[in-house]
Amino acid sequence: MAHTKSALKDIKKSRESRELNRKVEGSMKTAMKKFIALTDAAGADEAYRKAMKLVDKAAQKGVLHKNAASRRKSQLDRKLSALKGAKK
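When the letters of the sequence shown are read in order and numbered with this note's numbering, they come out as residues 21 to 108.
What follows is the structure, encoded as structure tokens:
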């Protein structure tokens, strides 16, 4: 266990940031899973926008690396184009 005040504060801060990061990452993953689970293009645009927004926010906050965010956005793009291609 930490002894100094600054070490105790660091532990508290890292715990708080870990909780916030888990919330951001959890909501992002949930939105992505909901979009990827779609089989028709009916609600795809709204789910796509929500998932993209959450991925961008996670990257902006530093929860997700920018390259990882780019990769996830690319996955979402591929899924959206597949849904729209199946619709035609």
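Where is the CB? At the ideal position from N, CA and C, for every residue including glycine.
- Of all C-beta pairs linking the region 64-72 to the region 88-107, three or more are shorter than 8 angstroms, placing the two stretches in contact.
- Distance from leucine 58 to leucine 103 at the Cβ level is roughly 7 angstroms; contact confirmed, criterion being Cβ atoms closer than 8 angstroms.
- By the neighbour-count criterion, in which 16 or more other beta carbons inside 10 Å mark a residue as buried, alanine 106 falls on the exposed side.
- Shown here, threonine 24 sits in coil according to DSSP, grouped into three states, outside any helix or strand.
- For aspartate 60, there is no enclosing alpha helix (DSSP H), as DSSP marks it with neither H nor E.
- Within the model, the alpha-carbon separation for alanine 22 versus glutamate 39 is close to 20 angstroms.
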